[in-house]
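A.B. asks: Those sequence lines, one after another, are chains A and B.
Following my numbering, the numbering of the first sequence begins with 974 at its first residue and continues without gaps.
Following my numbering, the numbering of the second sequence begins with 974 at its first residue and continues without gaps.
For each residue, glycine too, the CB sits at the ideal point set by N, CA and C.
What follows is a single structure, and I will ask about it in a moment.
2 protein chains.
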Amino acid sequence: MRRLKLILIIALLGQSVFAQTNQDKIKQYRRTNEHEILREFVNLLSIPNVASDHENVRRNAAFIFEMMKRRGLEPRLLEAKTANVPPAVYAEWKTPGATRTIVLYAHYDGQPTDPKQWTGMLPWQPVLRSAALEAGGKLLSLPNISESINPEWRLYARSASDDKAGVMAILTAFTALKAGDIKPTSNIKFFFEGEEEAGSPHLGEIINLNKDLLASDAWIICDGPVHQSGRKQAVFGVRGDTNVDVTVYGAKRPLHSGHYGNWAPNPAAILTRLLASMKDDAGRVTIAGWYDDTQPLGEAEQRAIAEAPQYDAELKTQLGLAGTEGSGKSLLELINLPSLNINGMSSGDVGSLARNVIPTTASAVLDLRLVKGNDYRRQVARLTEHIRRQGFYVIDREPTDEERLKHALIAKVVHRSGGYNAERTPMDLPISLAVSEAVQATSAQPIVRLPTAGGSLPLSIITENLRTVTVTVPIANYDNNQHAENENIRLQNLWDGIETFAALMTMKQ
Amino acid sequence: MRRLKLILIIALLGQSVFAQTNQDKIKQYRRTNEHEILREFVNLLSIPNVASDHENVRRNAAFIFEMMKRRGLEPRLLEAKTANVPPAVYAEWKTPGATRTIVLYAHYDGQPTDPKQWTGMLPWQPVLRSAALEAGGKLLSLPNISESINPEWRLYARSASDDKAGVMAILTAFTALKAGDIKPTSNIKFFFEGEEEAGSPHLGEIINLNKDLLASDAWIICDGPVHQSGRKQAVFGVRGDTNVDVTVYGAKRPLHSGHYGNWAPNPAAILTRLLASMKDDAGRVTIAGWYDDTQPLGEAEQRAIAEAPQYDAELKTQLGLAGTEGSGKSLLELINLPSLNINGMSSGDVGSLARNVIPTTASAVLDLRLVKGNDYRRQVARLTEHIRRQGFYVIDREPTDEERLKHALIAKVVHRSGGYNAERTPMDLPISLAVSEAVQATSAQPIVRLPTAGGSLPLSIITENLRTVTVTVPIANYDNNQHAENENIRLQNLWDGIETFAALMTMKQ
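Given below as structure tokens:
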């Protein structure tokens, strides 16, 4: 009798208590299996995963394939027709009766990196630290099954956050749901890409070869960091991205700076003048037309930004910044504008290798972020035209001797392959609301909903090739050193990510 | 009887024919011993000679010490009191009755270099080429004694020109004079320095420890290249030189350029603005006071510049330059002004290692050349003040967290040790005229006499510590890639250098 009453009460309390119970099960599963999850993650992170490293990146795909098989899924490698392209790793979890299909996306490749710049470790030899390196985190050995795991510990490795954490959270959420015998509410498709950090040059090709297989109502993207405050996020857009290499020239051979200095042009000085001409002191891009086709935000989006936590002051303190660009606008406002960033710049040598020479060339790599309305080809054309207006003869290869003698200023401008546009899903679509609710249900604090992330994902490739929308649900800690040396994930963020993705697989119909 | 007549005629024709005969003897000695000279030079060039590489640089001193002993000199190592300083290698060749004493100077250390940048060789594994690399020169093995040596061949190695060629030419000239039984006209002192490329930080110390030993009427410096036309030179001054490292700062950790771009300041962009503020488009330094204390040239000096060959157009073609700095002024005019050169510049990475990050720092190494009247400490102070006027908080160490939060623009400005001032000897002194005549006597073409070289030597250290003057007589080919990768010497320049220094040791009293 008491038992029957209990069942009745539970049935009456309905879905929210049910969801709460599910969440407890997921949490319990994770707690019981933390050591095993960590071990599997360390193994995944031990495989070098730069997309251009064909052999190794494919070992990652094979490893994820095996992870899926062990979980009872029937994985497939989706190959491009083009040679030497990392495959996408794919599997399905069908839900009888489900009227909605969602694709859960993460990428298993990582940014290239200089191993020498990592502190006390190599990028693909993961280490555990008691806290962030910057906070004095000490090296720990991997815990025995008898030792408890502190969720503030950090796991350091290339892609620990970006984006093998996504693969790990999604596949572990699946295992936890299965273990708890919790049914999903949608048909679930898993899709793990292998060359996102190279600009997803073949994602469109793989999608087009598998249009029926990949049909869905939405792609949920697990990538990027949660809000700097630690609050969970749902992000409805991403910035587009493209890269341009610029090289300017001095004499054909390096010259002694004493014998020729003040007479032979110095390419480093030429490059500084060129780059300085592209932005004003406040950081506003001065290239003609740069902001022209930016699509203004809608009302829902503006409200979301206004409601998001104001975290800039705290961030400035953490990063050691006395000032910021953008004339006092907030970070959240500024990422809704197209940007121009110098990723790197080099001429001659600095430090102990520096010599008294006039270098022969000076180079910079520029990163152009796009927002809704911009087209990456158009922005590159504006940049190129700006360089021309500064008096440069613009080419996309090394100059010939004849060209050198004809043009005092020569710029080699190479638009790297793999650019793509921004993408933004309206925040008031039913699927947008369902995702927001599911993520909110796993968090005691109000989640942050953003019209766009600052970062870029090739989501326009998805929506241009498939009739679907995308929503990004990031899980990494914001201070994960993504794209840089000493990348890491805070373990609690991985644990939270598992719960988030379990909630998304079981979100309201 | 015929024989007596011949002797009489020779005696009557006097010194010029005598000099001619001496010169023939020197030439003949060199021709007979080319293979041996080359072999000894290759052995000298095989010893790594960066001044900071204590162990190896000392092996060079020991090698030269042995070279001198083999020649019958009594060499000494002149040591600094400071630890780990490369010694100067010293010897004397006394001339009974001579009223003049000259010091012949060269340096045996070389510029640091990145071995990876050398073409088909390592910097301390000399190779012979049939011509300059840029002219398609092919690798040759060292010639057997039976094979003849083409004087257009080039020997490639670090310091092949700068400045072991000086050591080699001076010591071979000595051997040739001894072999020909030709007496010098001055007391000769040999002085080979071991840390010139590091800015001669202990030359003053070594000189002051040996003031009596080094007393002389003039130092003749064998360093640098001959004129671009191939004509021999006598140079009566050198520019002063000093280096400054500048680093500017962004956030304390590298940031994802998407998540933070357009908000977090980019140090590369900050550095480009700072460096661009230092020079105008014509290459004129815009730092306040930069040209203020430049001492104008005298009449003899202005005439020498006017008489020097006009070689700029030819040089521009060779170097692939459509334009030059300095609003159309000639190279020879411009080296009589203080300069500011960017030796190297770096922030983040370029090429395949580039990532979409905002770097944490951006650095440049600046090279400041000084002319007569300038003081290197004053020029650095002007540079520093300029940086301050651009709004930077200037320090000489890493900023503290507190400073980062207080100052939006921070520049670490480090004045490297080893700077020194320019030096210029009046061109109408008797010793100046004697040197000019001696060098002219070895050349069919009119020699080039310059008030100053573009390059720098620590000659002010010599004249500030000893009552003497300096004249520089360079021997290297101008396209020797001095201070850069693929440094080389054209063999004919070494052969000519031997004759030049034999003539200087026997110049008119």
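(1) Could you name the residues of the stretch 1326-1338 of chain B whose beta carbon sits closer than 8 Å to any beta carbon of chain A, in the order they occur along the chain?
(2) Which term fits Ala1286 of chain A, buried or exposed, when burial requires 16 or more other beta carbons within 10 angstroms of its beta carbon?
(3) Count the other C-beta atoms from every protein chain shown that fall within 10 angstroms of the C-beta of Ala1261 of chain B, then say buried if there are 16 or more, exposed otherwise.
(4) In this structure, does DSSP put Val1386 of chain A in helix, strand or coil?
(5) If we ignore side chains and look at the alpha-carbon of each, how far apart do Arg1377 of chain A and Glu1371 of chain A end up?
(6) Ile983 of chain B: buried (16+ other C-beta within 10 angstroms of its C-beta) or exposed?
(7) Going by the CB atoms, is the gap between Ala1171 of chain A and Ala1024 of chain A shorter than 8 Å?
(8) Does chain B have any CB closer than 8 Å to the CB of Phe1038 of chain A?
(9) Go ahead and pull the three-state DSSP assignment for Asp1340 of chain B.
(10) Near Gly987 of chain A, which residues of its chain fall below 7 Å by C-beta distance, leaving aside the five closest residues on each side in sequence?
(11) Using DSSP's beta-bridge definition, name the partner residues of Glu1396 of chain A.
(12) In chain B, which residues lie with their C-beta within 8 Å of the C-beta of Pro1227 of chain A?
(13) Taking 8 Å as the cut-off, decide whether the C-beta atoms of Ser1230 of chain A and Asn1450 of chain B are in contact.
(14) With DSSP as the reference, label Pro1124 of chain A as helix, strand or coil.
(15) Could you compute how far the alpha carbon of Leu1341 of chain A sits from the alpha carbon of Arg1355 of chain A?
(16) Does DSSP put Ile982 of chain B in a helix, a strand or coil?
(17) Give the DSSP bridge partners of Ala1079 of chain A, in chain order.
(18) Measuring CA to CA, which of B:Thr1333, B:Arg1043, B:Glu1437 is closest to Asn1394 of chain B?
(19) Inspect the beta-carbon positions of Gly1392 of chain A and Thr1267 of chain A and report whether they are closer than 8 Å.
(20) Return the CA-CA distance between Gly1427 of chain A and Asp1253 of chain B, expressed in angstroms with no decimal places.
(21) In this structure, does DSSP put Ala1255 of chain B in helix, strand or coil?
(22) Just how far apart, CA to CA, sit Ser1405 of chain A and Val1446 of chain A?
(23) Against chain A, does Arg1463 of chain B count as a neighbour if the rule is that its beta carbon must be under 8 Å from one of theirs?
(24) DSSP three-state call for Phe1038 of chain A: helix, strand or coil?
(25) Would you mind stating whether Phe1038 of chain A and Leu1050 of chain A have Cβ atoms separated by less than 8 Å?
(26) Which of the residues in the stretch 1365-1395 of chain A, read from start to end, lie with their CB under 7 Å from any CB of chain B?
(27) Could you tell me which chain A residues have their CB closer than 9 Å to the CB of Ile1256 of chain B, listed as they occur along the chain?
(28) Assuming Tyr1366 of chain B is part of the beta strand (DSSP E), what are its boundary residues?
(29) Can you look up Tyr1002 of chain A in the DSSP assignment and give me helix, strand or coil?
(30) Return the residues of the stretch 1079-1093 of chain B that lie within a Cβ-Cβ distance of less than 7 Å from chain A, sorted by chain order.
(31) Straight-line CA distance for Leu1011 of chain B to Val1444 of chain B?
(32) Please list the terminal residues of the continuous beta strand (DSSP E) segment that includes Asn1316 of chain B.
(33) Is there at least one Cβ from chain B nearer than 8 Å to Met1318 of chain A's Cβ?
(34) Whole-angstrom Cβ separation of His1456 of chain A and Gln1084 of chain A, contact assumed at under 8 Å?
(35) Using a C-beta to C-beta distance shorter than 7 Å, which residues of chain A count as neighbours of Ser1429 of chain B?
(36) Find the residues of chain A that neighbour Ser1312 of chain B, judging by a C-beta separation of less than 7 Å, and give them in chain order.
C.D. replies: To lay it out plainly:
(1) Leu1326, Ala1327, Arg1328, Asn1329, Val1330, Ile1331, Pro1332, Ala1335, Ser1336, Ala1337, Val1338
(2) Along the first sequence, read from residue 1 onward, the residue named residue 1286 of chain A stands at position 313. Exposed, because fewer than 16 other Cβ atoms sit within 10 Å of the Cβ of Ala1286 of chain A.
(3) Indexing the second sequence from 1 puts residue 1261 of chain B at position 288. Exposed, by the Cβ-count rule.
(4) For the purposes of this step, residue 1386 of chain A is taken as the residue at position 413 of the first sequence. Residue state, collapsed to three classes: strand.
(5) Here the question's residue 1377 of chain A lines up with position 404 in the first sequence. Here the question's residue 1371 of chain A lines up with position 398 in the first sequence. Taking the straight line from one Cα to the other gives about 10 Å.
(6) Stepping through the second sequence from its first residue, residue 983 of chain B is reached at position 10. Per-residue confidence for Ile983 of chain B stands at a pLDDT of 46, beneath the threshold of 50, marking its modelled position as unreliable; the derived number appears in the next sentence. It is exposed - the Cβ of Ile983 of chain B has fewer than 16 other Cβ atoms within 10 Å.
(7) Taking the first sequence and counting its residues from 1, one reaches residue 1024 of chain A at position 51. Taking the first sequence and counting its residues from 1, one reaches residue 1171 of chain A at position 198. A contact, by the Cβ cut-off of 8 Å.
(8) As a first step, residue 1038 of chain A is located in the first sequence; it is residue number 65 there, counting from the start. By this cut-off, Phe1038 of chain A is not an interface position.
(9) Taking the second sequence and counting its residues from 1, one reaches residue 1340 of chain B at position 367. In this structure, Asp1340 of chain B counts as strand in the three-state DSSP scheme.
(10) In the first sequence, counting from the first residue as 1, residue 987 of chain A sits at position 14. With a pLDDT of 44 at Gly987 of chain A, under the threshold of 50, the modelled position of that residue is not reliable, and the figure given next carries that caveat. Excluding positions up to five away in sequence, the list is empty.
(11) Taking the first sequence and counting its residues from 1, one reaches residue 1396 of chain A at position 423. Note: Glu1396 of chain A sits in a beta bridge opposite A:Val1211.
(12) Counted from its first residue, the first sequence places residue 1227 of chain A at position 254. Chain B residues near Pro1227 of chain A: Asn1454, His1456, Ala1457, Glu1458.
(13) Indexing the first sequence from 1 puts residue 1230 of chain A at position 257. Indexing the second sequence from 1 puts residue 1450 of chain B at position 477. No, Cβ-Cβ distance for Ser1230 of chain A and Asn1450 of chain B is not below 8 Å.
(14) Position 151 of the first sequence holds residue 1124 of chain A. It is coil, neither helix nor strand.
(15) Taking the first sequence and counting its residues from 1, one reaches residue 1341 of chain A at position 368. Taking the first sequence and counting its residues from 1, one reaches residue 1355 of chain A at position 382. Each residue's Cα considered, the two are about 11 Å apart.
(16) Counting from one through the second sequence, the residue named residue 982 of chain B turns up at place 9. Because Ile982 of chain B carries a pLDDT of 49, less than 50, the predicted location of this residue cannot be relied on, and the following value inherits that uncertainty. Residue state, collapsed to three classes: helix.
(17) Numbered from 1 along the first sequence, position 106 holds the residue referred to as residue 1079 of chain A. A:Phe1165.
(18) Here residue 1394 of chain B refers to the residue found at position 421 of the second sequence. If we check each option's Cα against that of Asn1394 of chain B, B:Glu1437 comes out closest.
(19) Position 419 of the first sequence, counted from the start, is the residue given in the question as residue 1392 of chain A. Position 294 of the first sequence, counted from the start, is the residue given in the question as residue 1267 of chain A. Against a cut-off of 8 Å, the Cβ pair of Thr1267 of chain A and Gly1392 of chain A comes out as no contact.
(20) Mapped onto the first sequence, residue 1427 of chain A falls at position 454. Mapped onto the second sequence, residue 1253 of chain B falls at position 280. Gly1427 of chain A and Asp1253 of chain B: Cα-Cα distance of roughly 36 Å.
(21) Residue numbering aside, residue 1255 of chain B sits at position 282 when the second sequence is read from its first letter. Three-state DSSP puts Ala1255 of chain B in coil, outside helix and strand.
(22) If you number the first sequence from 1, residue 1405 of chain A lands on position 432. If you number the first sequence from 1, residue 1446 of chain A lands on position 473. Cα to Cα, the separation comes out at about 11 Å.
(23) Here residue 1463 of chain B refers to the residue found at position 490 of the second sequence. By this cut-off, Arg1463 of chain B is not an interface position.
(24) Reading the first sequence from its first residue, position 65 is the one you call residue 1038 of chain A. Note: Phe1038 of chain A maps to helix in three-state DSSP.
(25) Counting from 1 along the first sequence, the entry for residue 1038 of chain A is found at position 65. Counting from 1 along the first sequence, the entry for residue 1050 of chain A is found at position 77. Yes, the pair counts as a contact, with Cβ atoms nearer than the cut-off.
(26) Asp1374, Arg1377, Leu1378, Lys1379, His1380, Ala1381
(27) To locate residue 1256 of chain B, count along the second sequence from 1; it is residue 283. Residue identity check: residue 1256 of chain B is Gly in the sequence provided, not Ile. Per Cβ cutoff of 9 Å: Asn1235, Trp1236, Pro1238, Asn1239, Ala1242.
(28) Indexing the second sequence from 1 puts residue 1366 of chain B at position 393. 1366-1368 is the span of the beta strand (DSSP E), which, as asked, contains Tyr1366 of chain B.
(29) Along the first sequence, one-based indexing puts residue 1002 of chain A at 29. Of the three classes helix, strand and coil, the one that applies to Tyr1002 of chain A here is helix, per DSSP.
(30) Gln1084, Pro1085, Asp1087
(31) Translated into positions along the second sequence, residue 1011 of chain B becomes position 38. Translated into positions along the second sequence, residue 1444 of chain B becomes position 471. Near 27 Å, if we compare the C-alpha coordinates of Val1444 of chain B and Leu1011 of chain B.
(32) To locate residue 1316 of chain B, count along the second sequence from 1; it is residue 343. Residues 1312-1321.
(33) Working through the first sequence from its first residue, we reach residue 1318 of chain A at position 345. Closer than 8 Å: yes.
(34) Counting from 1 along the first sequence, the entry for residue 1456 of chain A is found at position 483. Counting from 1 along the first sequence, the entry for residue 1084 of chain A is found at position 111. About 5 Å; that satisfies the 8 Å criterion.
(35) The residue given as residue 1429 of chain B occupies position 456 in the second sequence. Within chain A, the residues near Ser1429 of chain B are Gly1231.
(36) Here residue 1312 of chain B is taken as the residue at index 339 of the second sequence, counted from 1. Near Ser1312 of chain B (Cβ distances below 7 Å), the residues of chain A are Gly1234, Asn1235.
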